[in-house]
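Protein chains in written order, with this note's numbering: chain A, 33 to 174; chain B, 33 to 174; chain C, 33 to 174.
Here is the structure we will look at.
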């Protein structure tokens, strides 16, 4: 029996402004290189105005509906927030990040992420303008 | 000093339609069989219209209030969403999943999950009809 | 190559009532003592009316805006909830906990948490009165 090992990797996502950016293939590609049979993979988003989520990746309308829902739930109304110095989309972006995920953990089985058939991993950009976002991947297993 | 080991287990939850289904005993039962003293247990839900949460399990009204709140927050109004082909409860189910948890990590101490006195682990079924849901459990520890 | 090890630590946070309480330094202090180069740290909140979040820690207005947003989203209206026996702020506290995080996982790199420049770790107290809250820290790495 071999002992547990770990691996870590930083990826950069260039966003095109507000919306969900799928990163399933990039995470899966890194996992394939690990040649790790069983384990646990954690993703961590190093930002407070972008976040992570796992969602259906078959119909792109699902991603647009999630973005639209969050826009209705957390409107860019200047009179609702104190923190306004970074623009009207900044405080809503912080709140949307708090409501979604900063970290996600996905088990590895038979060398692959145990994602369900329709599950895709997404970086959610909550700011209006394009940003360069960093996500840290960490795996523990054997 | 023994070295770290890991274990993995898939459980199936037969839901009775919308609502919170407690799985604390099933997760705790698996953990007890591991005979692992200290470690970390991760749960992962393989779906985008069901999710996980940890909530009070003493008063069932808490579970009903959470379900009712999510129903008010994410109404089944056809004119709010583009993604409608799988029924009026599908897109709200995706959004409710994004707002709750797809993965949860709970430390193990003295051979038991460190859940607080009132904490129970729940699978949240967000679709109207019963479904068979899969949750992956992963433990690392010794 | 040394093998993976793990460590666990319980911290208590004395809250001053509703609001975000930063615990970044306490978590970072424990991590520094571990002398662990690479790994993964998980935080777990043992309560259902308090939770965890990672948010901007530069401008305290961000923390107040998040608290105010959650107050508007989940109002203390007696007619909205069945579970009222622990006070008008209890059921809203459970819901706010479900919408934020009960567990967070943060990779460790070069001996430090890979938090972004503006990211702070917060315990969110959702009850009106001060409480003593317990957070469990778990690290796996080498």
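Don't be surprised by glycine CBs; every beta carbon is placed ideally from N, CA and C.
Since the structure is predicted, the reported quantities are computational estimates derived from the model, not experimental observations.
Assumed close pair residue i, residue j - CB separation to whole angstroms, cut-off 8 angstroms
i, j, result
"residue 75 (chain A)", "residue 135 (chain A)", "7 angstroms"
"residue 81 (chain C)", "residue 164 (chain C)", "Not a contact, Cβ separation roughly 13 angstroms."
"residue 40 (chain A)", "residue 169 (chain A)", "7 angstroms"
"residue 55 (chain B)", "residue 167 (chain B)", "7 angstroms"
"residue 137 (chain A)", "residue 43 (chain A)", "That belief does not hold up - the Cβ atoms of residue 137 (chain A) and residue 43 (chain A) are roughly 17 angstroms apart, past 8 angstroms."
"residue 21 (chain C)", "residue 35 (chain B)", "An answer regarding residue 21 (chain C) cannot be provided, because it is not within the stretch 33 to 174 covered by chain C."
"residue 131 (chain B)", "residue 131 (chain C)", "6 angstroms"
Interface residues of chain C facing residue i [CB-CB closer than 8 angstroms]
i, result
"residue 169 (chain B)", "Residues of chain C passing the Cβ test: none, with the nearest at roughly 14 angstroms."
"residue 76 (chain A)", "137, 138, 139 and 146"
Chain B contact residues for residue i, given Cβ-Cβ distances below 7 angstroms
i, result
"residue 102 (chain C)", "Those do not exist, as residue 102 (chain C) stays about 12 angstroms from chain B at its closest Cβ, beyond 7 angstroms."
"residue 79 (chain C)", "148"
"residue 96 (chain A)", "114"
Partner residues on chain B for residue i, Cβ-Cβ distance less than 9 angstroms
i, result
"residue 112 (chain A)", "Here the premise fails: no neighbours, minimum Cβ distance about 17 angstroms."
"residue 172 (chain C)", "36, 71, 72, 172 and 173"
Where residue i meets chain A, residues with beta-carbon distance less than 9 angstroms
i, result
"residue 158 (chain B)", "In chain order: nothing, as chain A lies at least about 12 angstroms away."
Pairwise C-alpha distance: residue j and residue i
i, j, result
"residue 97 (chain A)", "residue 104 (chain A)", "11 angstroms"
"residue 69 (chain B)", "residue 37 (chain C)", "14 angstroms"
"residue 116 (chain A)", "residue 79 (chain A)", "18 angstroms"
"residue 95 (chain C)", "residue 114 (chain A)", "10 angstroms"
"residue 84 (chain A)", "residue 58 (chain B)", "28 angstroms"
"residue 120 (chain A)", "residue 108 (chain A)", "6 angstroms"
"residue 50 (chain A)", "residue 61 (chain A)", "25 angstroms"
"residue 90 (chain C)", "residue 124 (chain B)", "35 angstroms"
"residue 173 (chain B)", "residue 171 (chain A)", "15 angstroms"
"residue 48 (chain A)", "residue 99 (chain A)", "14 angstroms"
"residue 77 (chain C)", "residue 110 (chain B)", "37 angstroms"
"residue 161 (chain C)", "residue 45 (chain C)", "14 angstroms"
"residue 101 (chain A)", "residue 93 (chain B)", "27 angstroms"
"residue 63 (chain B)", "residue 139 (chain B)", "11 angstroms"
"residue 88 (chain A)", "residue 126 (chain B)", "8 angstroms"
"residue 112 (chain C)", "residue 122 (chain C)", "12 angstroms"
"residue 66 (chain A)", "residue 143 (chain A)", "9 angstroms"
"residue 175 (chain C)", "residue 133 (chain A)", "Outside the shown range of chain C, which is 33 to 174, sits residue 175 (chain C), and nothing can be said about it."
"residue 118 (chain B)", "residue 118 (chain A)", "40 angstroms"
"residue 145 (chain B)", "residue 145 (chain A)", "24 angstroms"
Contact with chain F by residue i, beta-carbon distance below 8 angstroms
i, result
"residue 54 (chain A)", "Looking for chain F here will not work: the only protein chains present are A, B and C."
### Task
Pull out every residue of the stretch 81-94 of chain B whose Cβ sits closer than 8 angstroms to any Cβ of chain C, in chain order.
85, 86, 87, 88, 91, 93 and 94
### Query
Which residues, taken in chain order from the stretch 36-66 of chain B, show a beta carbon closer than 7 angstroms to some beta carbon of chain C?
36
### Task
Return the residues of the stretch 143-156 of chain B that lie within a Cβ-Cβ distance of less than 7 angstroms from chain A, sorted by chain order.
none
### Task
Give, in chain order, every residue of the stretch 116-129 of chain A whose Cβ lies closer than 8 angstroms to some Cβ of chain B.
none
### Task
May I ask you to verify whether the stretch 152-165 of chain B touches the stretch 139-156 of chain C, counting CB pairs closer than 8 angstroms and requiring at least 3?
no
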